[in-house]
Amino acid sequence: MRKLFLLVLMLSMGCIGYSALAGNDGEPSKDSKPVSPPITIVYIPADVPGAPRSVVPVECEYNTLLQSICVRFLANLGEVDVTIENLTTGEYISGTLNSANGYFVIPISGSQGIYEIRFETLSETFGGTFEI
Numbered sequence: 638m639r640k641l642f643l644l645v646l647m648l649s650m651g652c653i654g655y656s657a658l659a660g661n662d663g664e665p666s667k668d669s670k671p672v673s674p675p676i677t678i679v680y681i682p683a684d685v686p687g688a689p690r691s692v693v694p695v696e697c698e699y700n701t702l703l704q705s706i707c708v709r710f711l712a713n714l715g716e717v718d719v720t721i722e723n724l725t726t727g728e729y730i731s732g733t734l735n736s737a738n739g740y741f742v743i744p745i746s747g748s749q750g751i752y753e754i755r756f757e758t759l760s761e762t763f764g765g766t767f768e769i
């Protein structure tokens, strides 16, 4: 259990540390872009009446150096089912996260393609697409 905790901690720090990779002069290096632009996550309306959220409580980005998606929950949504699918290759990853922990690093293959990511709670769904 301790090894798993240390691995998650190291991957989390890697996502944070590499998100602002700089060159020798302190300026961002023009030829290395370890983090893609943030993945836009939107509210996906269900067939349930009610107003959608005005603020989406999930932020994420793809880190090219770690070949991982860094996810940050801005609110405690409880247990969240996460699915990531490469629509080009068919690669599929799913799991359940406890959003109370706040920050997660989800490793993926890094294969080129268009990816769809979804976050589902009992009452709401959020999702977005990005390309590698």
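Residue numbers in the sequence shown follow the working numbering, run continuously in steps of one, and reach 769 at the last position.
Backbone N, C-alpha and C fix where the C-beta goes; we use that ideal spot for every residue, glycine too.
For residue 731, the three-state DSSP class (helix, strand or coil): strand
Expected contact under 8 Å - CB spacing of residue 681 and residue 763 to nearest Å: That pair is a contact at about 6 Å.
Beta-bridge partners of residue 708, as assigned by DSSP: 697 and 741
Proximity below 8 Å, CB of residue 750 to CB of residue 723: The Cβ-Cβ distance between residue 750 and residue 723 falls below 8 Å.
Neighbourhood of residue 694 by C-beta distance below 7 Å, restricted to the same chain and skipping five residues each side: 710, 711, 712 and 714
Cβ-Cβ distance between residue 703 and residue 717 below 8 Å: no
Option in 679, 705, 752 and 737 with minimal Cα separation from residue 726: 752
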